[in-house]
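Below: one structure, written as structure tokens.
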Amino acid sequence: GRKLSGTAPQGWPPSRIARAALLAASVHAAGEEAPARLATAFRRSDSAERAAILQSLMLLPGPTRFADLAADACRSSVQPVFEAIACDNRYPAAHFADPVFNQMVLKAVFTGAPLARVIGLAERTTAQLRRMAADFRDERRASNRPVPADLDLLLDLGT
Numbered sequence: 835g836r837k838l839s840g841t842a843p844q845g846w847p848p849s850r851i852a853r854a855a856l857l858a859a860s861v862h863a864a865g866e867e868a869p870a871r872l873a874t875a876f877r878r879s880d881s882a883e884r885a886a887i888l889q890s891l892m893l894l895p896g897p898t899r900f901a902d903l904a905a906d907a908c909r910s911s912v913q914p915v916f917e918a919i920a921c922d923n924r925y926p927a928a929h930f931a932d933p934v935f936n937q938m939v940l941k942a943v944f945t946g947a948p949l950a951r952v953i954g955l956a957e958r959t960t961a962q963l964r965r966m967a968a969d970f971r972d973e974r975r976a977s978n979r980p981v982p983a984d985l986d987l988l989l990d991l992g993t
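End of the sequence shown = 993 in this note's numbering, gap-free, step of one.
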């Protein structure tokens, strides 16, 4: 059997660890075809399976290969699927380019996913991300709409 490439996060139930181990074995067996096969499996899965795939990405062999799949998942309109990549997941901080990471963070604010659960946010917050957050806050204020509290957290990072 093939081992997981990383350590499962603390608090994962045995069933999630087992699912990640099976996924890692499947990815290893697929070799060069792994990104395409995982993308196909993701598209054919239900929301719970999609979330499990996303939560396991850091543990798969060669996790960088799956950045496109992870970035596409950020566009999901299914909140548990989006939160599986955006929240409590080391993958985005480790593998997303700044524009993808920034869009994920802003979507988290917009959808109400707590920024406190975005791993690596403080280290990945850039002037550009703060500027995007400030623009979003200003748009909300200009249209007399409520400003999400997490925007203040984001704007205070790195200042």
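Even glycine gets a Cβ: it sits at the ideal position worked out from N, Cα and C.
In angstroms with no decimal places, state the Cα-to-Cα distance between S881 and S860. Within the sequence shown, residue 881 is the residue found at index 47, counting from 1. Within the sequence shown, residue 860 is the residue found at index 26, counting from 1. Going by the C-alpha atoms only, they are around 20 Å apart.
At the level of alpha carbons, what is the spacing between Q889 and A852? On the sequence shown, residue 889 is found 55 positions in, with the first residue counted as 1. On the sequence shown, residue 852 is found 18 positions in, with the first residue counted as 1. So the two alpha carbons sit approximately 13 Å from each other.
Please state whether the Cβ-Cβ distance between M938 and I919 is less than 9 Å. Within the sequence shown, numbered from 1, the residue matching residue 938 stands at position 104. Within the sequence shown, numbered from 1, the residue matching residue 919 stands at position 85. Contact flag set, yes.
Look up V861 in the DSSP assignment and say whether it is helix, strand or coil. Here residue 861 corresponds to residue number 27 of the sequence shown, with the count starting at 1. Here V861 sits in helix by DSSP.
Check for me: the alpha helix (DSSP H) holding V939 runs from which residue to which? Position 105 of the sequence shown holds residue 939. Taken as a continuous stretch (DSSP letters only), the alpha helix (DSSP H) holding V939 covers 932-945.
Is I953 near the ligand ZN, in the sense that its beta carbon is under 8 Å from a heavy atom of that ligand? This structure does not include the ligand ZN; it has no bound ligands of any sort.
Pick out whichever of L893, V981, E883 has its Cα sitting closest to the Cα of A907. Sequence index remark: in the sequence shown, residue 907 carries index 73 (1-based). Closest by alpha carbon: E883.
From this set, R877, R979, Q913, P897, which residue's C-alpha is nearest P948's C-alpha? The residue labelled residue 948 in the question sits at position 114 within the sequence shown. Closest option to P948, Cα to Cα, is Q913.
Find the nearest neighbour of G946 within the set A858, L985, N978, D902, judged by alpha-carbon distance. Here residue 946 is taken as the residue at index 112 of the sequence shown, counted from 1. Residue L985 is the option with its Cα nearest to G946.
Distance check for A976 and G845, CA to CA, integer angstroms please. The sequence position of residue 845 within the sequence shown is 11, counting from 1. The sequence position of residue 976 within the sequence shown is 142, counting from 1. So the alpha carbons of these two residues sit roughly 42 Å apart.
So that I know if they touch, is there some Cβ in chain B lying closer than 9 Å to that of R924? Any reference to chain B falls outside this structure, which holds one protein chain only.
Rounded straight-line distance, which links the Cα of D932 to that of A967: Counted from its first residue, the sequence shown places residue 967 at position 133. Counted from its first residue, the sequence shown places residue 932 at position 98. One C-alpha to the other measures close to 14 Å.
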